[in-house]
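Asks: Residue 1 is where the sequence shown starts when you use the UniProt record's numbering, and the numbers rise one by one after that.
Attaching a single structure in C-alpha cells format; questions to follow.
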Amino acid sequence: MSQKKIKKLTPEQAALIPGYREKWTNIALSTERIDREKAAVAIKEAYNLLGFPKPEIFFCDSPYEAMSTTLPQLQHLIIEAKTFGFSGFPSWLLNKFSTKTAKKPRNIGFEISGRLWWELSSENQYLEEELQSRIAEDLESQIDEELARNICLQLRDELGKLYDKNFIHPVALCSYCCWFDFLTSILNFDTNQKLWQVFQLLGENSGWIFPYQRVVVICDRPTKLHFDSEQQLHREGEPALQFADGYSLYAFHGTSLPEKYGKVHPNLWKAKWLLEEDNAELRRVLIQGIGYARIIQELGANELDSYQEYTLLKIDNEVDIEPIYLLKMTCPSTKYIHALRVPPDVVSAREAIAWVNWGIDPEDFAVQT
Numbered sequence: 001m002s003q004k005k006i007k008k009l010t011p012e013q014a015a016l017i018p019g020y021r022e023k024w025t026n027i028a029l030s031t032e033r034i035d036r037e038k039a040a041v042a043i044k045e046a047y048n049l050l051g052f053p054k055p056e057i058f059f060c061d062s063p064y065e066a067m068s069t070t071l072p073q074l075q076h077l078i079i080e081a082k083t084f085g086f087s088g089f090p091s092w093l094l095n096k097f098s099t100k101t102a103k104k105p106r107n108i109g110f111e112i113s114g115r116l117w118w119e120l121s122s123e124n125q126y127l128e129e130e131l132q133s134r135i136a137e138d139l140e141s142q143i144d145e146e147l148a149r150n151i152c153l154q155l156r157d158e159l160g161k162l163y164d165k166n167f168i169h170p171v172a173l174c175s176y177c178c179w180f181d182f183l184t185s186i187l188n189f190d191t192n193q194k195l196w197q198v199f200q201l202l203g204e205n206s207g208w209i210f211p212y213q214r215v216v217v218i219c220d221r222p223t224k225l226h227f228d229s230e231q232q233l234h235r236e237g238e239p240a241l242q243f244a245d246g247y248s249l250y251a252f253h254g255t256s257l258p259e260k261y262g263k264v265h266p267n268l269w270k271a272k273w274l275l276e277e278d279n280a281e282l283r284r285v286l287i288q289g290i291g292y293a294r295i296i297q298e299l300g301a302n303e304l305d306s307y308q309e310y311t312l313l314k315i316d317n318e319v320d321i322e323p324i325y326l327l328k329m330t331c332p333s334t335k336y337i338h339a340l341r342v343p344p345d346v347v348s349a350r351e352a353i354a355w356v357n358w359g360i361d362p363e364d365f366a367v368q369t
C-alpha cells in the first residue's frame, strides 16, 4: 500500500463512482427477502472479530415486531448486558445511533458498526481531507441520510416508546459499504479484508439490526417501498412502506400520514377534513393533495375583486396558519378553474396577477393564457 496521499482521482476513477452509488442504493432499498443464513454468519463473525461471545440470533418480519414483541420477550437476556465505553469513536458516528436511558442496558450497536468502521476507515489517512469529503458526497448522494432519517422518524412516530432505539439502519450500513467498496476496489486500499468481508456481508444480507451483548434481532426488509422523484417516501392511496407482517406506513411526499388519509387516494380527499384536522403539517399536505380549485368548490370562498377572467378570493374557514387568499382564473374555452395562492396582503386581482407573474402588470400581457 502506497504511503503517499492521494490528492485527486483520475477521470477514469471518477467515472466509476455512479456505478458504485447505484449498486449500494439498490441494495439499501431492496425489497427482496434477506438471506437469513448469511446474515447470521455475518453477525457471528462480527462479534467474534470484536471479541464478544457468540450471540443468540432472532429474526423478525419488521422493526415493529422487534420492538413490540420480540425484544420485550428477550428482556431477561438483554437486561444484563455490560457497559461498553465509546470515548474513542468520532462523535459524528455516535450521533447516528441513539443513547440508552439509565434504566436500560447500554447497546453495542455503537461497538459493532463503530469498531468495524473505525478499523476500516484508518485507510482514510491516505486521502487528502478535501478529496475524502468530495468522494463521500458523490458516493452517498443517493443513499441519503435524509432518506434514512425520514423512514426512522416515521417508524418511531408509529412505534412510540414500545421499547428502545438501539438499532443499526440498513441505509446507513450500505452507505458505509459503498465508501469502502470504492476504496478497496478502485483505489486499491489494502484494508483488513476479513473486516471488509463481514461489513459487506452485513450490508448485503440484513435489514434493521438490534444488537446486544447476548442477543441480536435481525429484521427482514420491507416488501413494499415507494418514493417520489426526490427520493421522499411517497405513495397515493396505499402504503409507501410495508413489511411482511402487515406493518405499514403511509406517506405523501415525505410526510407521514395517518391511515385514515393514507389509504384514500388524494383525488378523493375531502376539503372538509381541513376543518377537522388540528395538525398544521397534515393540513398543509391535505391542501397540497386536494388543490385550491377543489377547496374553493367544496368550502366556498368570498370574492374580493375581479379583473377580466381573474378573481381574487378569500377562504374564511381557518384551514391554514395564515388566511388563504387565492387568484382564480376560469379558462374561457374549457371553463376549467385554476387557482393559485397569493400573499394575504394583496388588495386587488390585478395586484395578485402581477405577483404571480413576477411583477408584470396584466395590461402588459400581449396574450392572456
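C-beta: ideal position from N, C-alpha, C; glycine also.
When you compare each of Glu32, Val264, Arg149 to Leu286 by their alpha carbons, which one comes out closest?
Replies: Here the closest residue by C-alpha is Val264.
Asks: Can you have a look at Pro211 and say buried or exposed, based on whether 16 or more other CB atoms are within 10 angstroms of its CB?
Replies: Classification of Pro211: buried, given that the 10 Å Cβ count is 16 or more.
Asks: List in chain order: all unbroken alpha helix (DSSP H) runs of 4+ residues lying wholly within the stretch 13-75.
Replies: Listed in chain order, they are 17-28, 36-49.
Asks: Please report the distance separating the alpha-carbon of Phe59 from that of Val215.
Replies: Approximately 11 Å between the Cα atoms of the pair.
Asks: Starting from Lys314 and walking both ways along the beta strand (DSSP E), at which residues does that stretch end?
Replies: Run containing Lys314: 310-315, per the beta strand (DSSP E) assignment.
Asks: For the beta strand (DSSP E) containing Arg341, name the first residue and the last one.
Replies: It spans 337-342 - the beta strand (DSSP E) in which Arg341 sits, taken as one unbroken run.
Asks: By Cβ distance, which residues of its chain are closer than 8 Å to Glu356, with the 5 residues on each side in sequence left out?
Replies: The sequence as given places Val at residue 356; Glu does not occur at that position. Counting only Cβ-Cβ distances below 8 Å, and skipping sequence neighbours, we find Leu327, Leu340, Val342.
Asks: Express the C-alpha separation of Phe189 and Leu77 in angstroms, rounding to a whole number.
Replies: Rounded to the nearest angstrom, the two C-alpha atoms are 40 Å apart.
Asks: Just curious, the beta strand (DSSP E) that Glu230 is in, first and last residue?
Replies: Element bounds for Glu230: n/a, residue is neither H nor E.
Asks: Should Tyr310 and Ala244 be called a contact, given that it needs their Cβ atoms to be closer than 9 Å?
Replies: Not closer than 9 Å, so no.
Asks: If we ignore side chains and look at the alpha-carbon of each, how far apart do Ser113 and Asn48 end up?
Replies: Note on Ser113: pLDDT 49, under 50, position unreliable in the model; the coordinate value appears next. Distance between the alpha carbons of Ser113 and Asn48 is about 14 Å.
Asks: So if DSSP puts Lys328 in a beta bridge, which residue, or which two residues, is it bridged to?
Replies: Note: Lys328 sits in a beta bridge opposite Thr311, Ala339.
Asks: Spatial neighbours of Ala240 within its chain, please: C-beta separation below 7 Å, excluding the five flanking residues on both sides.
Replies: Answer for Ala240: His226, Leu233, His234, Leu249, Tyr250, Ala251, listed in chain order.
Asks: Establish whether the CB of Asp278 and some CB of chain D are separated by less than 9 Å.
Replies: The question asks about chain D, but that chain is absent: this structure has only one protein chain.
Asks: In angstroms, rounded to a whole number, what distance separates the CA positions of Gln213 and Glu276?
Replies: Taking the straight line joining both Cα atoms gives about 48 Å.
Asks: Please report the residue range of the beta strand (DSSP E) in which Ile218 lies.
Replies: Element bounds for Ile218: 215-219.
Asks: Do Cys219 and Trp24 have their CB atoms nearer than 9 Å?
Replies: Result no, Cβ atoms of Cys219 and Trp24 do not sit closer than 9 Å.
Asks: According to DSSP, simplified to helix, strand and coil, what is Trp355?
Replies: DSSP places Trp355 in helix when its eight states are reduced to three.
Asks: Specify, as a first and last residue, the run of the beta strand (DSSP E) that Leu257 falls within.
Replies: It spans 255-257 - the beta strand (DSSP E) in which Leu257 sits, taken as one unbroken run.
Asks: His169 and Trp196 look like a contact to me (Cβ under 8 Å); what is the Cβ gap, rounded to whole Å?
Replies: Their Cβ separation, rounded to whole angstroms, is 20 Å, which puts His169 and Trp196 out of contact at 8 Å.
Asks: In this structure, how does DSSP classify Lys194 when only helix, strand and coil are distinguished?
Replies: It is helical.
Asks: Using the three-state DSSP reduction, which class does Pro222 fall into: helix, strand or coil?
Replies: Residue state, collapsed to three classes: coil.
Asks: Is the beta carbon of Leu299 closer than 9 Å to that of Lys260?
Replies: Not in contact: Lys260 and Leu299 (Cβ atoms no closer than 9 Å).
Asks: Run the CB neighbour count on Glu204, radius 10 Å, all protein chains shown included, and call it buried at 16 or more, exposed below.
Replies: Buried: at least 16 other Cβ atoms inside 10 Å.
Asks: Enumerate, from N- to C-terminal direction, the unbroken alpha helix (DSSP H) stretches of 4 or more residues contained entirely within the stretch 165-194.
Replies: List check, alpha helix (DSSP H) in window: 170-185.
Asks: Here's the rule I'm using: 16 or more other beta-carbon atoms within 10 Å means buried, otherwise exposed. How should Asp61 be labelled?
Replies: With 16 or more other Cβ atoms within 10 Å, it is buried.
Asks: Identify which residue in Tyr307, Met329, Ile296 has its Cα closest to the Cα of Lys314.
Replies: Cα-wise, what sits closest to Lys314 is Ile296.
Asks: Would you mind working out which of Arg284, Glu230, Asp181 sits nearest Pro18, comparing C-alpha positions?
Replies: For the residues Arg284, Glu230, Asp181, the minimum Cα distance to Pro18 belongs to Asp181.
Asks: So, at 7 Å on beta carbons, what are the nonlocal neighbours of Ala280 in its own chain, with the 5 sequence-adjacent residues on each side left out?
Replies: Cβ within range, chain order: Ile321.
Asks: Return the CA-CA distance between Pro105 and Val198, expressed in angstroms with no decimal places.
Replies: Summary for Pro105: the model assigns pLDDT 34, below 50, so the residue's position carries little reliability, and this model does not support an answer.
Asks: Between the Cα of Ala301 and the Cα atoms of Ala349, Leu71, Asn166, Asp316, which residue gives the shortest distance?
Replies: Of the candidates Ala349, Leu71, Asn166, Asp316, the one whose C-alpha sits nearest the C-alpha of Ala301 is Asp316.
Asks: Pull up the CB-CB distance for Arg221 and Arg33, whole angstroms please, since I reckon it's below 8 Å.
Replies: So it is a contact: roughly 7 Å between Cβ atoms.
Asks: Provide the residue span of the alpha helix (DSSP H) that contains Ile296, from first to last.
Replies: Taken as a continuous stretch (DSSP letters only), the alpha helix (DSSP H) holding Ile296 covers 292-299.
Asks: Who are Asp302's beta bridge partners in DSSP?
Replies: Before going on, a small fix: residue 302 reads as Asn here, not Asp. Note: Asn302 sits in a beta bridge opposite Lys314.
Asks: So for Lys8, helix, strand or coil by DSSP?
Replies: Correct three-state label for Lys8: coil.
Asks: Assuming contact is defined by CB atoms lying nearer than 9 Å, are Ser175 and Ala39 in contact in what I supplied?
Replies: Contact: no.
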